[in-house]
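Just so we're aligned, residue 74 is where the sequence shown starts under my numbering, counting upward by one. Below is one structure; the comments refer to it alone.
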Amino acid sequence: MNYALLQETKIHGTPSFPYSVYCGRIPEWIHSFPLHWHEDFELIYCTKGQMQVTLWGQIYTLCAKDFLIVLPHAVHSIEQSNTESGEYFNIMFHPSLFKGAENDLCYNKYVLPFLNEEITMDCFYPSNSSFNQIITPHILLMFSHRKESYSTYELVIKSHLFLLLHYMNQYSTTTTNDNRYLQLSYSQLKNALYHIQKFYDQKISIQEVAKQCGFSESHFMKLFKKFTGMSFYTYLINYRLELAAKQLSETNFKIIDIAESCGFHNHSYFTRAFQKKYQKTPLMYRKIYSLEQ
């Protein structure tokens with residue numbers, strides 16, 4: 074079962090205008106959006122309540138009016154913050170939106186340095202930060218025109234995105250050698266996530282996954298926790314539980330069969346782990362979130 078592609082390849086918007094705005098609500102609509110990455114820029118803006126975003130292993134708590142910028146290829150996830158609920162918008166836009174003719178001066182000068190990891194920037198901007206206060210009016214206007222963005226507001230949307238890019242460059246810094254080394258290590262660790270995605274229903278050892286990434290076991294465990302914010306086995310169990318939750322809400326398969334298919338061969342352990350994560354038994358979760366109700 075291919076639950077979540079780690080590298081997201083979906084076109085947001087249309088091929089000719091790769092831009093889109095999504096609205097989300099945690100936990101009512103989704104409990105979490107697992108670790109993944111994509112080629113788009115992404116801006117996550119919390120409108121109400123509280124939510125949690127993990128970016129390159131760093132956990133950020135977003136409250137109302139806070140936002141976070143995710144650069145292309147950055148590994149990130151969205152989760153519920155403790156027992157709090159939250160509402161948010163995602164603005165997704167592909168770098169090609171900024172590209173004009175071949176050898177476009179602006180694209181080469183202001184976009185490529187982000188894509189080539191020559192420059193970087195802080196990602197989290199609370200509501201009282203100067204960058205947040207500069208950008209928020211443009212964000213709110215993009216939200217208000219999200220339904221017309223492909224019909225009559227393309228120029229308005231692009232104007233706001235170019236202004237966003239302008240300020241992103243103003244707030245950017247040159248990537249250090251230490252950051253480049255860390256990003257290279259993290260790129261190798263993506264192999265571990267692919268391995269889990271492929272073999273989650275089987276027994277997986279740290280030794281075999283560390284070998285996949287080209288690290289010693291001790292170095293792998295240290296980097297993996299920094300990369301994801303959790304230990305390898307915690308991540309593996311969490312991934313299996315999210316798979317199980319998805320099947321519980323979308324299928325009529327027996328609970329014991331779902332547990333087995335997700336790599337839980339001890340049914341009582343599965344029930345305890347599931348209840349700890351979702352505060353509900355698998356049966357109760359199915360009754361509440363089943364799509365067939």
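The beta-carbon is built from N, C-alpha and C at its ideal position, and this holds for glycine as well.
Annotation for residue 121: the continuous beta strand (DSSP E) segment containing it runs 114-128. For residue 326, there is no enclosing beta strand (DSSP E), since its DSSP letter is neither H nor E.
In the DSSP assignment, the residues bridged to residue 94 are 164. With respect to the C-alpha of residue 251, the residue from 191, 298, 212, 238 having the closest C-alpha is 191. Secondary structure at residue 286: helix, using DSSP grouped into helix, strand and coil. CA-to-CA, the gap between residue 88 and residue 184 works out to about 19 Å. The continuous alpha helix (DSSP H) containing residue 209 extends over residues 203-217.
For residue 179 and residue 228, the gap between their C-alpha atoms comes out near 17 Å.
Following the DSSP letters along the chain, one finds residue 134 inside the beta strand (DSSP E) bounded by residues 131-136. For residue 152, there is no enclosing alpha helix (DSSP H); the enclosing beta strand (DSSP E) covers residues 149-152. The distance from the Cβ of residue 95 to that of residue 120 is about 12 Å, inconsistent with a contact at the 8 Å cut-off. Burial check for residue 99: the Cβ neighbour count within 10 Å reaches 16 or more, so the residue is buried. A Cβ-Cβ distance of about 26 Å is found for the pair residue 105 and residue 281, leaving them out of contact under the 8 Å criterion.
Between the alpha carbons of residue 193 and residue 338 lies a distance of about 44 Å. Excluding residues up to 5 positions away in sequence, 283 lie with their Cβ nearer than 7 Å to the Cβ of residue 289 in the same chain. In this structure, the beta-carbon distance from residue 152 to residue 127 falls below 8 Å. When C-alpha distances from residue 313 are compared across 325, 271, 292, 293, the shortest belongs to 271.
In this structure the stretch 121-140 touches the stretch 302-310; the number of beta carbon pairs closer than 8 Å is three or more. Rounded to the nearest whole angstrom, the CA to CA distance from residue 246 to residue 168 is 19 Å.
The beta carbon of residue 346 sits closer than 7 Å to the beta carbons of 310, 314 from its chain, once the five residues preceding and following it are set aside; these are given in chain order. Residue 269: member of the alpha helix (DSSP H) spanning 250-272, first to last residue. Counting the other Cβ atoms within 10 Å of the Cβ of residue 336 gives 16 or more, which makes it buried. Per DSSP, reduced to three states, the secondary structure at residue 109 is strand.
If the five residues before and after residue 196 are omitted, its C-beta is found closer than 6 Å to the C-beta atoms of 128, 141, 142, all from its own chain and listed in chain order.
In the three-state reduction of the DSSP assignment, residue 144 falls in the coil class, being assigned neither a helical nor a strand state.
In the structure shown, residue 197 falls within a strand segment according to DSSP collapsed to helix, strand and coil.
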